[in-house]
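Okay, structure first, notes after.
In full-length UniProt numbering, the protein residues as written are 1 to 317.
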């Protein structure tokens with residue numbers, strides 16, 4: 001029997017002996033037997049999954065945990081060289097990721113987690129004044145919608161609807177998966193206390209046929225004439241657009257152009273509200289029902305007979 005040392009880093013802990021060993025033939029041959037890293041007297045039987053030190057039994061295993069402050073649990077995030085990476089490591093990583101996903105799902109289902117998220121949401125809603133119930137007029141529009149239908153939407157959406165209601169605009173929000181809801185970029189700026197609308201302009205008389213232009217965020221204090229003027233004014237920057245909108249530009253557009261707001265939920269023939277060019281967007285949308293964002297038709301006074309206009313109950317003379 002002769003002593004044999006391993007590398008410097010592990011030799012002190014994983015000593016080994018050479019024994020003459022051949023059970024079947026009774027002959028002797030050199031075989032490496034790993035010593036116990038603690039007692040160094042007995043051949044090791046177990047290897048720690050964490051630090052990979054070999055021990056001979058339970059007592060030495062416990063001593064190695066105290067001596068090296070080892071918990072005996074395998075480090076599942078330890079770096080493994082690609083050459084040494086095997087099927088067992090792949091399986092271990094797979095189950096490790098599954099365990100993380102399971103823990104994450106369980107945490108979300110925990111009542112304490114739900115309570116904390118609810119508290120944070122309530123604090124923010126209280127700060128923004130969103131605890132008011134939906135107005136009775138909302139249930140009149142759709143009696144199948146409950147009074148608290150808005151609470152399932154994000155706080156920003158709730159704030160948008162609340163501010164629209166304060167401006168006498170009945171804003172209808174569609175389900176999260178609907179295309180128009182995804183397209184809506186309208187929002188309320190809390191710092192400036194200003195509502196910004198997404199507006200879809202449909203130019204029915206363009207040279208290339210019906211054309212749609214979208215303004216992502218329009219300040220509510222802007223007048224319609226201010227919003228249309230950059231498109232109907234010939235400049236070097238909008239030469240292509242001016243050519244497409246020539247039927248509007250060739251006329252005295254400030255008096256001939258008509259902007260119509262599509263009226264929502266009208267079965268049969270589409271109906272429209274005629275908007276005032278020199279009024280602000282907020283004034284034009286007041287006492288109107290909007291689904292997500294305003295959709296406007298831009299046409300000429302000579303073409304207005306093609307559209308069914310809905311007049312407000314009270315009109316200024």
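In this text, a Cβ means the ideal position worked out from N, Cα and C, and glycines have one as well.
**Request:** Please classify residue 285: is it buried, with 16 or more other beta-carbons within 10 angstroms of its beta-carbon, or exposed?
**Result:** In summary, residue 285 is buried, with 16 or more beta-carbon neighbours lying within 10 Å of its beta-carbon over all protein chains present.
**Item:** residue 77 versus residue 39 - alpha carbon distance
**Value:** Approximately 30 Å between the Cα atoms of the pair.
**Asked** Span of the alpha helix (DSSP H) holding residue 61?
**Response** In the DSSP annotation of this structure, the continuous segment of the alpha helix (DSSP H) that includes residue 61 starts and ends at 58-68.
**Beta-carbon contacts of residue 212 that lie in its chain and below 8 Å, excluding the five residues immediately before and after** = 200, 201, 202 and 203
**Request:** Have a look at 305, 168 and 220 and flag the residue whose alpha-carbon is nearest the alpha-carbon of residue 193.
**Result:** It is 220 whose Cα lies nearest to the Cα of residue 193.
**Request:** Output the boundary residues of the alpha helix (DSSP H) element that contains residue 212.
**Result:** From DSSP, residue 212 is part of no alpha helix (DSSP H) but of the beta strand (DSSP E) over 211-219.
**Prompt:** Using the C-alpha atoms, what's the distance from residue 35 back to residue 61?
**Reply:** When only Cα atoms are considered, residue 61 and residue 35 end up about 13 Å apart.
**Asked** Is residue 278 closer than 7 Å to residue 260 when the C-beta atoms are compared?
**Response** no
**Item:** Straight-line Cα distance separating residue 242 from residue 248
**Value:** The straight-line gap separating the alpha-carbon atoms of residue 248 and residue 242 is approximately 9 Å.
**CB-CB length for residue 153 against residue 173, believed under 8 Å** = At roughly 6 Å, the Cβ-Cβ gap stays under 8 Å, so residue 153 and residue 173 are in contact.
**Asked** Shortest alpha-carbon distance to residue 234 belongs to which of 217, 218 and 253?
**Response** 253
**Request:** Output the residue ranges of the beta strand (DSSP E) runs that lie fully inside the segment 265-293 and measure 3 residues or longer, sorted by chain position.
**Result:** 271-275 and 288-291
**Asked** Across which residues does DSSP place residue 262 in a beta bridge pair?
**Response** 272
**Message:** Measuring only the C-alpha atoms, how far is residue 157 from residue 287?
**Reply:** 20 Å
**Asked** What number of angstroms, rounded off, separates the C-alpha of residue 151 from the C-alpha of residue 163?
**Response** Using only the alpha carbons, I get a separation of about 15 Å.
**Request:** Could you tell me the distance, in whole angstroms, from the CA atom of residue 281 to the CA atom of residue 218?
**Result:** Distance between the alpha carbons of residue 281 and residue 218: 9 Å.
**Asked** Run through DSSP, which three-state label would residue 196 get?
**Response** strand
**Asked** Between the C-alpha atoms of residue 304 and residue 160, what's the straight-line distance to the nearest angstrom?
**Response** 32 Å
**Asked** For residue 172, which residues does DSSP report across the bridge?
**Response** 291
**Prompt:** Taking just the CA atoms, how far does residue 101 sit from residue 43?
**Reply:** 41 Å
**Prompt:** Should residue 105 be flagged as near chain C, meaning a C-beta pair shorter than 7 Å?
**Reply:** Absent from the structure is chain C; it holds one protein chain and no more.
**Message:** What would DSSP say about residue 50, mapped onto helix, strand or coil?
**Reply:** coil
**Message:** I'd like to know whether the C-beta atoms of residue 73 and residue 50 end up nearer to each other than 7 Å.
**Reply:** yes
**Message:** I'd like the list of long-range same chain contacts for residue 256, defined as Cβ closer than 6 Å, with 5 residues on each side in sequence excluded.
**Reply:** 300 and 301
**Request:** Give the C-beta separation of residue 185 and residue 216 to the nearest angstrom, bearing in mind that I take them to be a contact with Cβ-Cβ under 8 Å.
**Result:** The Cβ separation is near 5 Å, so the contact holds.
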